[in-house]
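> Quick one: this structure, given as structure tokens, is what I'll be asking you about.
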Amino acid sequence: MFWKRQFPILITAFVAVVMIAAYFIPKPGIADTRDNLQVWFQIVVMFTMILGLLNLLFVSWHKARKGRKEDRFYNWVTIFSLLGTIVAGFFGINSPAFDFIFNNIYTPLSATIFSLLAFYVASASFRAFRAKSIMATILLITAFIVMLGRVPLGDWISGWAQGTSLGFLYLPNITNWIMEVMNMAGQRAVLMGAALGLIATGIKIILGIERSYLGGE
Amino acid sequence: MKRLLFTVILISAAFFSLSAQESEGTFTAEDVKYDSGGSVDLAWNLPGLEESQTLEIYRVFNGSEGKIIQNKDLSGRFTDRNLNLKGSYSYVLRVMNEDGTVAKEIAAGPVLPVASWFSMKRAIVLAALIIIFYLITHYIRASRRGIEFTIRKIPALESVDEAIGRATEMGKPILFVPGIMDIDDVQTVAGIIILGEVASKTAAYDATLNVPVSRSMVMSTARETVKESYLKAGRPDAFNENMIHYLTDDQFGYVSGVDGIMAREKPAAIFMLGTFYAESLILAETGNSIGAIQIAGTAMPSQLPFFIAACDYTLIGEELYAASAYLSGQPHMLGALKGQDMAKLFIMTILIIGTVLTLLFPPVGAWIINVFSNIG
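As they're listed, the protein sequences go chains W and C. Under the numbering used here, the first residue of the first sequence is numbered 3, with each subsequent residue one higher. Under the numbering used here, the first residue of the second sequence is numbered -9, with each subsequent residue one higher.
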């Protein structure tokens, strides 16, 4: 039980104390210990990566043979892509085969998934900006002003106000005010709460109060 | 009388010597205080520097000399960095004439660029940390003494049971996405903690749980947590370690993998709790398109609007960290939460005092800004 419960908590507490001490004590010895611990973390990550790789192969192999018939093809694609990339990697990361995979398969696929965002932003905005209540209407109006202030049309519509005593009506100015005052205040409030939550979780983990991540209570 | 005369002569001599030094110029070398060592601050002031003359500063270490500065500035400061902590350094300032001859030479040092035991500029962070630590531990102790704390209803956490129940009734799986960062990120740890609670319920309801992860370390940790939850629920037979499976470390590769699972398996409940970046909306919108009940939570302010727009319930910032205490209901966890709230009250008070002081006394405000910007 000691090795499964107390020992991991002791390691966690030791590492956390070193990390905190290294922040306040600028002595090189402590900074070296901190750096060494970070290197150890990377080593452990590398070892678990093998676990992850084997798990991906195993799960895909299992699903390719015994999974739902209509999904089997995707698992074969995963297995062949994984093995193909590994084999290409053995020829070196600058080899033509690896370059081909990176430039002609990986990059376009990543770009495709990332570009989906544009469509999803539109569909999510469409739902979020429906004026169903007063708050939703305020959100809609604010979003409308911000979007207008960010494009040349906003400048074209309200350009007459720029440099006059009615400069506050210039749409890019209103947009900047919304983003830098109202939006920033909200974001900072969320950040402060989150930072405190992070510190509290850290303290609970160091003291061994929070053990759920070890499988404990 | 003789003694008085002697004192006057001594003071005059000191005064004239200082004046002479000032007219010649000053050059000082001092170890940088409260740093990690290896840095020396140099400062010079040469009022008599002519336009044709150049200033050169040499570092002397172990008998060898190297030029580090050459310019025409009458006065200035320079920090000599990356020095050897085990040696002492001397510096020589030379005023060079146009023909290359030395017009003046001032030496400074030797200086030992030592590392200090405490970074004074971070003292305010330490003070804040001690206060927060005290508040949290104080309320944990209070809860252990039997004082009860209440917690406001958090709709996202209230609906966990509803989401799992719905999935069980529909005979569909439950998908849990713990974000894309590794276990060294506290948000991921918070996500895993909630996964433990969700797994307890899926074990009790005999629902299917699917946890695709993007980091192998998270996979190992999540497996332990889920296994323990199934054991505690008395259903070790229902646990299958492949319900927590690795996809890829790549951000968009992981997104396409999870989207694929959503599209093929059509889970009835989706939990997205952890650190998310650009993938948040892609995942949430795909989940929305299949009609799943979605509970999301993150402390990333830039991703929260996406989750709020596309998910049924969202844990905002600190609620993600509070979820563990909320779901477990253990007194000491609630005590920690109370301590956290008191720490927030303390910070709010400091903020208000700081704002008022800054508005009423601008120099105090400038000092406060200086203290916080020097933390580094």
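The beta carbon of each residue, even a glycine, is placed where N, CA and C say it ideally should be.
Since C/K94 is in the beta strand (DSSP E), which residue starts that stretch and which ends it?
That run of the beta strand (DSSP E) goes V92 to V101.
> Starting from the beta carbon of W/K206, find every residue of chain C whose beta carbon is closer than 7 Å, and list them in chain order.
Within 7 Å Cβ-Cβ: A326.
> Once DSSP output is grouped into helix, strand and coil, what is the label at C/T215?
Helix, per DSSP.
> Distance, Cα to Cα, C/V104 vs W/F26?
If you take the alpha carbons of C/V104 and W/F26, they lie about 16 Å apart.
> DSSP has C/A286 in a bridge; who is on the other side?
The partner list for C/A286 (beta bridge, DSSP) reads C/M262 and C/T304.
> For C/A315, is the classification buried or exposed, using 16 other Cβ atoms within 10 angstroms of its Cβ as the cut-off for buried?
Burial call: buried.
> State the beta-bridge partners of W/P30 as determined by DSSP.
Looking at the DSSP assignment, W/P30 forms no beta bridge with any residue, so it has no partner.
> When the Cα atoms are used, what is the spatial distance from C/A289 to W/P174?
Taking the straight line joining both Cα atoms gives about 29 Å.
> As an exercise, report each continuous alpha helix (DSSP H) stretch of at least 4 residues that is fully enclosed by the segment 113 to 172 of chain C, in chain order.
Counting whole runs of 4 or more residues, the segment 113 to 172 of chain C contains the alpha helix (DSSP H) stretches 113 to 134 and 145 to 160.
> Opposite C/A223 in the DSSP bridges: which residues?
DSSP, once it has assigned bridges, lists no residue as partnering C/A223.
> Could you name the residues of the segment 136 to 158 of chain C whose beta carbon sits closer than 8 Å to any beta carbon of chain W, in the order they occur along the chain?
Answer set for the segment 136 to 158 of chain C: empty.
> Give the single residue among C/R156, C/A212, C/F51 and C/T140 whose Cα lies nearest to the Cα of C/N230.
When each option's Cα is compared against that of C/N230, the closest is C/A212.
> Can you check which of these residues, W/Q8, W/G151 and W/A133, is closest to W/M181 by C-alpha distance?
Checking every option, the nearest Cα to that of W/M181 belongs to W/G151.
> For C/D151, is the classification buried or exposed, using 16 other Cβ atoms within 10 angstroms of its Cβ as the cut-off for buried?
Counting Cβ neighbours within 10 Å, C/D151 comes out exposed, since fewer than 16 surround it.
> Residues of chain W with a CB under 7 Å from the CB of C/P291: which are they?
Here the neighbours are Q189, V192 and L193.
> Report the rounded CA-to-CA distance for W/W78 versus W/M51, giving the unit in angstroms.
Approximately 21 Å between the Cα atoms of the pair.
> In chain order, what residues of the same chain have a beta carbon less than 7 Å from the beta carbon of W/I22, not counting five sequence neighbours either side?
Correct list: empty, nothing qualifies.
> Check whether the segment 20 to 36 of chain C and the segment 97 to 112 of chain C are in contact - that is, three or more C-beta pairs closer than 8 Å.
The segment 20 to 36 of chain C, when compared against the segment 97 to 112 of chain C, does touch it at the 8 Å Cβ threshold.
> Could you tell me whether any non-hydrogen atom of the ligand NAP is closer than 7 Å to the CB of W/L59?
The model depicted lacks the ligand NAP and carries no ligand whatsoever.
> Quick one: grab the DSSP three-state call for C/S66.
Checking the displayed sequence, the identity of residue 66 of chain C turns out to be Gly instead of Ser. If DSSP states are grouped into helix, strand and coil, C/G66 belongs with the strands.
> If I'm right that C/A157 touches C/A258 with Cβ under 8 Å, what's the distance once you round it to whole angstroms?
With a Cβ gap of about 4 Å, C/A157 and C/A258 count as contacting.
> Find the nearest neighbour of W/L111 within the set W/M137, W/F131, W/R129 and W/S83, judged by alpha-carbon distance.
Answer by Cα proximity: W/S83.
> Can you say whether W/F128 is buried or exposed, counting buried as having 16 or more other CB atoms within 10 angstroms of its CB?
Exposed, since its Cβ has fewer than 16 Cβ neighbours within 10 Å.
> Taking C/I283 and C/L165 to be in contact with their CB atoms under 8 Å, please state how far apart those CB atoms are, rounded to whole angstroms.
Actually they do not touch by this definition, with Cβ atoms about 11 Å apart.
> Could you name the residues of the same chain whose beta carbon sits closer than 6 Å to that of W/Y172, not counting the 5 residues immediately before and after it, in chain order?
Excluding residues within five positions, the ones whose Cβ falls inside 6 Å are S160, A163 and Q164.
> Starting from the Cα of W/S62, find the closest Cα among W/T80, W/K71 and W/R70 and give me that residue.
Taking only the C-alpha atoms, the option nearest W/S62 is W/T80.
> Taking 8 Å as the CB-CB limit, is C/I359 close to chain W?
No, no contact with chain W.
> Measure the CB-CB distance between C/S133 and C/P321 and report whether it falls below 8 Å.
Cβ distance < 8 Å, so C/S133 and C/P321 count as in contact.
> Would you mind working out which of C/D31, C/G243 and C/E255 sits nearest C/P100, comparing C-alpha positions?
Checked all of C/D31, C/G243 and C/E255; the closest Cα to C/P100 is C/D31.
> Name the residues in the segment 155 to 168 of chain W whose C-beta lies less than 8 Å from a C-beta of chain C; which are they?
Those would be none; no residue qualifies.
> Taking Cβ positions only, does W/F26 come closer than 8 Å to chain C?
Closer than 8 Å: yes.
> Taking a contact to mean a Cβ-Cβ separation below 8 Å, would you say W/A126 touches C/A300 in this structure?
Cβ atoms of W/A126 and C/A300: closer than 8 Å.
> Find out if the Cβ-Cβ distance for the pair C/P202, C/L147 is shorter than 8 Å.
Not closer than 8 Å, so no.
> Since C/A180 and C/A313 should fall inside the 8 Å C-beta cutoff, what is the C-beta to C-beta distance between them, to a whole number of angstroms?
With a Cβ gap of about 7 Å, C/A180 and C/A313 count as contacting.
> So what's C/F6 in DSSP terms, helix, strand or just coil?
Confidence at C/F6 is low in this model, with a pLDDT of 47, below 50, so the placement of that residue is unreliable and no value is reported for it.
> Along chain C, in chain order, which residues have C-beta atoms closer than 8 Å to that of W/D198?
It is worth fixing the name first, because residue 198 of chain W is Leu in this sequence and not Asp. Ordered by position in chain C, the residues that pass the 8 Å Cβ test against W/L198 are I122, E308, Q330, A333, K334 and I337.
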